[in-house]
Amino acid sequence: MSEPLSETTIQQPSSDDKNIVVLTHLGGILFCFLPGLIVWLLKKDDNAYIAEQAREALNFQISLLIAYAVCWVLMFILIGFLLMPMLWLVNLLFSILAAVATSKGENYRYPLALRLIS
Numbered sequence: 138m139s140e141p142l143s144e145t146t147i148q149q150p151s152s153d154d155k156n157i158v159v160l161t162h163l164g165g166i167l168f169c170f171l172p173g174l175i176v177w178l179l180k181k182d183d184n185a186y187i188a189e190q191a192r193e194a195l196n197f198q199i200s201l202l203i204a205y206a207v208c209w210v211l212m213f214i215l216i217g218f219l220l221m222p223m224l225w226l227v228n229l230l231f232s233i234l235a236a237v238a239t240s241k242g243e244n245y246r247y248p249l250a251l252r253l254i255s
């Protein structure tokens, strides 16, 4: 005999939730941490899925911002000129991977991101 579902059953995010999260992840490519910050501030109390993914995008973009600052300093010894385009490609790649995963309703965690906002 099957057991009844508990009240803690995970609910699939709606289509609108998925779209907001996809745009949040992709927005980081052009607008750095602003899309993640805006969505997280507006939706952190309304929707757990959107809040979690916006926080994840925000943490990743802040981590990249720190890495860009380090690259800027390293430009004085010329290695920063090589690392800066690589960081941009990492941002592009992981943001697209996050957008694809969240468009399917999955939770995405960025690798190598500092978890500064909790």
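In the working numbering, the protein residues as written are 138 to 255.
Heads up, the beta-carbon is just placed ideally off N, CA and C, and yes, glycines get one too.
Small disclaimer: the values here were computed from a predicted structure and weren't measured.
If you check the beta carbons only, do Thr239 and Val176 fall under 8 Å apart? Locating residue 239 in the sequence shown gives position 102, counting from the first residue. Locating residue 176 in the sequence shown gives position 39, counting from the first residue. In this structure, Val176 does not lie closer than 8 Å to Thr239 by Cβ.
Nearest neighbour of Leu174, chosen from Ile233, Thr161, Pro248 [CA to CA]: The count along the sequence shown starts at 1 and reaches residue 174 at position 37. Considering only alpha carbons, the answer is Thr161.
State yes or no: is the C-beta of Gln190 within less than 8 Å of the C-beta of Cys169? Locating residue 190 in the sequence shown gives position 53, where the first residue counts as 1. Locating residue 169 in the sequence shown gives position 32, where the first residue counts as 1. The answer is no: Cβ separation not under 8 Å.
Where does Ala302 sit, in a helix, a strand or coil, going by DSSP? The requested residue 302 does not occur in the structure, where the chain is confined to residues 138 to 255.
Among Pro150, Leu253, Gln149, whose alpha-carbon lies nearest the alpha-carbon of Ser203? By one-based count along the sequence shown, residue 203 stands at place 66. Sequence check: residue 203 is Ile here, not Ser. Checking every option, the nearest Cα to that of Ile203 belongs to Leu253.
Candidates Phe231, Leu219, Lys180: which alpha carbon is nearest Leu249's? Here residue 249 is taken as the residue at index 112 of the sequence shown, counted from 1. Here the closest residue by C-alpha is Phe231.
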